[in-house]
Amino acid sequence: MTLKNSSNNSEKPVGVIGIGSFGTAIANILAEKNNVIVYARKQEIVDEINHQHSAEGRSLHQSITATTDPQTLCETCEVMFPVVSSSGFKDVMKKFAPFLHPYHILIHGTKGLVLNLPEGKNLDNVSKIHRENIWTMSEVIRNETVVVRVGCLAGPNLAKELAKGQPAATVVASRFNEVILEGQRLLRSDRFQVYGNQDIIGVELSGVLKNTIAIASGALAGLGLGENAKGLLISRGMVEMIHLGNALGGQTQSFVGLAGIGDLVTTCSSTFSRNYTVGYRLAQGETLDAINDSMDEVAEGINTVRLLQTFLEGTGMRAPITENLYKVLFEGFKVEDALYYLMKYPFNVDIDFL
Amino acid sequence: MTDDYIKQKYDPILPRKDEWPVVKLAKSRKDFVQNVATFSKDKIISMTGNNLDLLKEELETTLYREKLRIKQNPWLVDPDDEEEFWTGVKSHLVQISFESQATEEDKKAAYHKILESITTRYSEEIASNFKHSHYKATRKMVTFGFSRLLNAARVKGLGSIFSKQYTLQDKIQIIGETAQLRDLASKGTIVMVPTHFSNLDSILIGWTISTLGMPPFLYGAGLNLFNIQIFAYFMNALGAYKVDRRKKNLLYLETLKSYSSEAIQFGCHSLFFPGGTRSRSGRIENKLKLGLLSTAVEAQRANYEKGFNDISGKIFIVPVTINYHFTLEAPSLIREHLSLTGQERYYKETDEFSNSYKISKFLVKFFTKGSDISVSIGQPMDILGNYVDKEGNSTDRDGRMIDCRDYFMSNGKVSVDPQREEVYTQILGDRIVEEFHKINRVFSSHLVAFTAFQMIKKQNSKMDLFSLLRLPDEDLVIDYSDFRASCQMVLNRLMEIRAKGLVHVAPHLKQDIEKIIAHGLENVGMYHAKRPLIKTGDNTITTQDMSLLYYYHNRLDGYDLEKLFK
């Protein structure tokens, strides 16, 4: 890939939309080099940021200010980082759409999929979904706003570690070199490396699909099955991610990069990960409802498994880990039984895609 | 866009020919050609990063390929001094490398001079030769000739020769956003992008443009067409510039793109066939050639750079689909397609390509017999594929206005970023394909061909395409009542798709299914010696040429209709 530099060193502030744990981490990284304005929905959070330099107790850089007004944010910033949950992403984009212009650059940091079905339809009353019904966040931005210069952030970015200032790296993916360069210019620092990738769909899917494998990894740990089993899961999980990822329009290379294997290994090993925790607690015998009730942020993987299961039924493709996770999460299947099934599944070859 | 066609008389939007952009361009042809040559020279130098070795390599590659082309693939239209010119280039190149005492600057100047001589030669060769008198004569001849033929066939009695009862518009139905197209053509610059099935398309589009009262468009036509004399005359008269597909070297391609981009910036309405060549498979183009399309994006940015921020500097992309019941060259096109995709599994048979005589004979047949053509004009879009309103403003899905200039802005100024424009061109290409499918107008012949092929395929579900095409005659028989039921099923699905606004149907598809089938069978591939589909005496349907059936069937590819047969 050739990168011709067209980026700039303008002094315009950078926007961050949403201030959950990852949003806070990104805002703090950005604030090391730039003026940052944060958009938050609730007035009390905005007040907290502007007066106490913290968001729900997480401390924020001194130079970060906040607003509840999308228009102000769009008028002051050319580059914005939407970092809101996937369930709220579409609504937030709809809210911003009237104030966005084609000169804006949006680099999102949300890992998830949005189901796009006709009015009145949902997963319960459709039997099949197609690729065009499943939107990644960049597709939500492209379809709900006039912004075309879209990018995404992906990679092993555990918010807790970023907050401590531990070394990490991320991938900025975009079809546009200028977006990648802009992302690198704004984010890169001595402890934060930023890679570029042009396959935005592949990179987004890596971030989405690894969440399901992370649930399975948590389940293995919950059953106390050890490191050999985890190695098996990660490598089979990788194959499944590539298989599904290709079917949804991603390129194989992206899945073996930082946003794919890098993020997968991190998430499957980390007890900080929400998805891992869901799997762990399931294996310990808790029900999904009980787990959901006790978590303050959603584990994205649950939604993804459900969506993918419906997609798989429509295409006739097989993805054994996802299918078994679905049974465990939604059909009361025991984790042990799912695992037994996986061990019996006739995988003939190790890998067949490189 | 409605399905129904309204015959209409259109007044010219620019009555005085001196106001026509192509006439203005023809008047300043010499300067324009020089501009294009200089512009492409500069562009190539900047692409090589002003590195002398890279430039030398490009020049040598071009020389090598051109020499090879002259030897292996000479054409009637090639100029006589080809050999001479390239020998000259060669000796210059050799001379520079032997001048050991020359400074770097001298060498650079010498290479730039060779480069300029080549781009000048190419621009000269590409540039159109529009002459208004020829244009007028051609238009008269086409309209007069064809309507005489039409009336001779359909109006009975002695008066038929002078009858004005039928005009070309009865034969060739123009539907769609004609009013908006005319409006925008008088305000901004149009880039028309039609589907391409037949060599006849160029003339057909030329006629359509003039019927709609618009000044002639500039368009690129394959240089091979200039080999056929009758086409060469028409092409020149209609203002076609020449695209030589044999020349694939960087210098030529850049000159060609510069020519197109500069012409659009000059305000010339242009036309590309974005599929590149005619669709060999009979499918609606789904992979576009983005080279020429990128010149529309580039020209739009250049206009903004020059400060043309109002509608006069805006470029409108207008997709157009042309529908026939038949394609004259179908047998040779589909054979070419199959031999390309099937490799050794498919054996090429004799080629029945056309010459001027065959084409004239065909035209007489075509205009005196039945069978219609329709030209669907799609809704104009901006260079990112957003629809534009009556005033030419780009709008988003919610009808909010978009300032197209913003697509090229960064940090408050219009900026040049070739990679960005490359992605924009891909986005535009995807949008054009989407629009092609929407404005495509389904004919009875497409319906019967599609249904019959899918039924034969289903009867032999284990076979791949190439085995299917070689099935013996006795396996190519379909029972008529089954056929009718399947046609009805496909038609129903088409009507559902139409209700969503994703396709159009010809009015004759609103009749009773028996009539539709009869109409389809009568028209599908009606000029071929072997008919793709016929009804036999014992109430069965069969084909005389499976490849042709496949070709006509492909027209309905891309609507997921094949799923009905699973």
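Quick note, the sequences are listed as chains E and P, same order.
Taking the working numbering, the leading residue of the first sequence gets 1, the next gets one more, and so forth.
Taking the working numbering, the leading residue of the second sequence gets 355, the next gets one more, and so forth.
Built from N, CA and C at the ideal position, the CB exists for glycine as well.
{"Asked": "Cα-Cα, which of E:SER174, E:THR145, E:ARG142, E:ALA154 is closest to GLY257 of chain E?", "Found": "E:ALA154"}
{"Asked": "Whole-angstrom Cβ separation of LYS884 of chain P and LEU902 of chain P, contact assumed at under 8 Å?", "Found": "7 Å"}
{"Asked": "What are the boundary residues of the alpha helix (DSSP H) that TYR834 of chain P is part of?", "Found": "834-853"}
{"Asked": "Can you tell me whether ASP199 of chain E is buried or exposed? The criterion is at least 16 other CB atoms within 10 Å of its CB, across all chains shown.", "Found": "buried"}
{"Asked": "What is the residue span of the alpha helix (DSSP H) that VAL126 of chain E lies within?", "Found": "No alpha helix (DSSP H) holds VAL126 of chain E; DSSP gives it neither H nor E."}
{"Asked": "State the Cα-Cα distance for the pair GLU789 of chain P and SER445 of chain P, rounded to the nearest angstrom.", "Found": "51 Å"}
{"Asked": "Please decide whether VAL146 of chain E counts as near chain P, where near means a Cβ-Cβ distance under 7 Å.", "Found": "yes"}
{"Asked": "Can you find at least 3 beta carbon pairs, one from the segment 143-158 of chain E and one from the segment 224-239 of chain E, that sit closer than 8 Å?", "Found": "no"}
{"Asked": "To the nearest angstrom, how far is it from the Cα of LEU329 of chain E to the Cα of LEU823 of chain P?", "Found": "49 Å"}
{"Asked": "Which value, in whole angstroms, describes the spacing of the CA atoms of ASN389 of chain P and LEU605 of chain P?", "Found": "15 Å"}
{"Asked": "Rounded to the nearest angstrom, what separates GLU411 of chain P and GLY630 of chain P at their Cα positions?", "Found": "28 Å"}
{"Asked": "Candidates P:TYR904, P:TYR613, P:ASN657: which alpha carbon is nearest SER821 of chain P's?", "Found": "P:TYR904"}
{"Asked": "Would PRO102 of chain E count as contacting chain P if we go by Cβ distances under 7 Å?", "Found": "yes"}
{"Asked": "Would you report the Cα separation of GLY15 of chain E and LEU264 of chain E, rounded to the nearest angstrom?", "Found": "28 Å"}
{"Asked": "Give me the DSSP bridge partner(s) of ILE64 of chain E.", "Found": "E:VAL36"}
{"Asked": "In chain P, which residues lie less than 9 Å from PHE176 of chain E when you measure between Cβ atoms?", "Found": "ASP771, GLN773, ARG774, VAL777"}
{"Asked": "Check each candidate in E:ASP190, E:SER86, E:PRO320 and name the one with the smallest Cα separation from LEU30 of chain E.", "Found": "E:ASP190"}
{"Asked": "Give the residues from the segment 753-767 of chain P that approach chain E closer than 9 Å (Cβ to any Cβ), ordered along the chain.", "Found": "ARG754, ILE756, ASP757, CYS758, ARG759, ASP760, TYR761, PHE762, MET763, SER764, ASN765, GLY766"}
{"Asked": "ILE781 of chain P versus chain E: which residues are under 8 Å apart at the beta carbon?", "Found": "VAL148"}
{"Asked": "Any C-beta of chain E sitting closer than 7 Å to the C-beta of ASP750 of chain P?", "Found": "yes"}
{"Asked": "Quick one, are the C-beta atoms of ARG571 of chain P and HIS623 of chain P less than 7 Å apart?", "Found": "Per the sequence shown, the amino acid found at residue 571 of chain P is Phe instead of Arg. Yes. Within cutoff."}
{"Asked": "Taking the alpha carbon of GLY118 of chain E as the point to measure from, which residue in E:VAL278, E:LYS111, E:LYS128, E:GLY109 has its own alpha carbon closest?", "Found": "Sequence check: residue 118 of chain E is Pro here, not Gly. If we check each option's Cα against that of PRO118 of chain E, E:LYS128 comes out closest."}
{"Asked": "From the DSSP secondary-structure annotation, give me the bridge partner or partners of MET80 of chain E.", "Found": "E:GLY15, E:LEU106"}
{"Asked": "In the structure shown, what three-state DSSP assignment does HIS858 of chain P receive?", "Found": "strand"}
{"Asked": "ARG281 of chain E to GLU227 of chain E, Cα distance in whole Å?", "Found": "18 Å"}
{"Asked": "Mapping the DSSP letters down to three states, classify TYR913 of chain P as helix, strand or coil.", "Found": "coil"}
{"Asked": "Identify which residue in P:ASP833, P:ILE832, P:ALA860 has its Cα closest to the Cα of LEU845 of chain P.", "Found": "P:ALA860"}
{"Asked": "Report the rounded CA-to-CA distance for LEU646 of chain P versus ALA481 of chain P, giving the unit in angstroms.", "Found": "15 Å"}
{"Asked": "Classify TYR340 of chain E: buried if its beta carbon has 16 or more other beta carbons within 10 angstroms, exposed otherwise.", "Found": "exposed"}
{"Asked": "Please determine, among P:GLY499, P:ALA653, P:GLU479, P:ARG600, the residue with the shortest C-alpha to C-alpha distance to VAL545 of chain P.", "Found": "P:ALA653"}
{"Asked": "For HIS907 of chain P and PRO734 of chain P, what's the separation of their Cα atoms in angstroms?", "Found": "29 Å"}
{"Asked": "For the segment 297-305 of chain E against the segment 102-113 of chain E, are there 3 or more C-beta pairs whose distance is under 8 Å?", "Found": "yes"}
{"Asked": "On a CA-only basis, which of P:ALA456, P:LEU558, P:GLU479 is nearest ARG493 of chain P? Give me that one, please.", "Found": "P:LEU558"}
{"Asked": "Determine the extent of the alpha helix (DSSP H) in which ARG149 of chain E is found, giving its start and end residues.", "Found": "Taken as a continuous stretch (DSSP letters only), ARG149 of chain E belongs to no alpha helix (DSSP H), being part of the beta strand (DSSP E) at 149-154."}
{"Asked": "Taking beta-carbon pairs under 8 Å, can you tell me which members of the segment 68-79 of chain E lie near chain P?", "Found": "GLU78"}
{"Asked": "At a Cβ threshold of 7 Å, is GLU11 of chain E touching chain P?", "Found": "no"}
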